[in-house]
Amino acid sequence: MRLCRDDLQRKQPPMQTVELLAIGGHAGDAEISAGMALCHHARRGHRVAMLHLTLGERGHPTMAPSEYARQKRREAWEAAKVLDAQVAFLPYLDGELPVDRQVQEEICDVIRACRPKVIITHWGGSIHKDHEAAHLNTIQAHFYAALKTFQRPLPPHSVGRVLYAENWEDPIHFDPELFLEIDAEDIELWTQMVQCYGLFRGEWPTFRYVDYYKALARTRGLQIGKEYACAFAVQPWSRRRCVSSLIP
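Residue numbers 248 to 495, in our numbering, belong to the letters of the sequence shown in order.
Following this line, the structure appears as structure tokens:
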């Protein structure tokens, strides 16, 4: 089920503190679905990071998974450099990401290492099992990361907010409730970042990712009276609000 854990860990530098952490099921997921938000904040001086739970190495129509895994890892590093972002990988295979305590502990360790204020990950209503697994594992890892009594190598850290990015493969019951206004420069930087991946450059016939997400940013912007926006689902308990008056 695993890639070479020792080899992977040797290639990963220690994580530093960031403000925004995006967690994706495959290398490329965080960039394509949460990337406009990452670009928006990176351009404004905020520190960002990405965690890839698998490389997505089985997604190439002709290349062997082992060869494509090496390519995807290179592409992930190149994409991170565009934002001066940190990047980390877990050693799981594409299509085989389990939902279990070990994955959750490993995500917890990354959360405690980089101590983000906000996490963005997949919505759970997905047609892809790895996206659903990423959603479920991140929820539990977020819980474990905050527990003082959950003993891990690093001290606990409580994340202020967990958001779920809009992804064309995660549409089931996705309800956009939080909108982030972005601008054309954010989208330009995002385009540069995602096109570090051959998949998003259209090197073989596939879904037109860049066109889709650019159109989606325009659509979400129009819905809130802005030029561009990206939308997120939120945790159910985040919908609760306390006001002192019902009259605005």
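For every residue, glycine included, the Cβ atom is placed at its ideal position computed from N, Cα and C.
In terms of Cα proximity to P261, the closest of D458, L340, L493, V357 is V357.
Note: T301 is bridge-paired with Y339 in the DSSP secondary-structure output. The three-state secondary structure of C477, taken from DSSP, is strand.
An exposed status is given to G292, since fewer than 16 other beta-carbon atoms sit within 10 Å of its beta-carbon.
For Y411, the enclosing beta strand (DSSP E) has its first and last residue at 408-412. Secondary structure of F447 (DSSP, three-state): helix. Counted as a single uninterrupted DSSP element, the beta strand (DSSP E) harbouring G271 occupies residues 267-271.
Measuring C-alpha to C-alpha distances from E450 to each of E379, T309, L330 identifies T309 as the nearest. Judged by DSSP in its simplified three-state form, V346 adopts coil rather than helix or strand. With 16 or more other Cβ atoms from the protein chains shown falling within 10 Å of its own Cβ, R467 counts as buried. Nearest neighbour of M440 by Cα position, chosen from Q351, L330, P418, A289, turns out to be L330.
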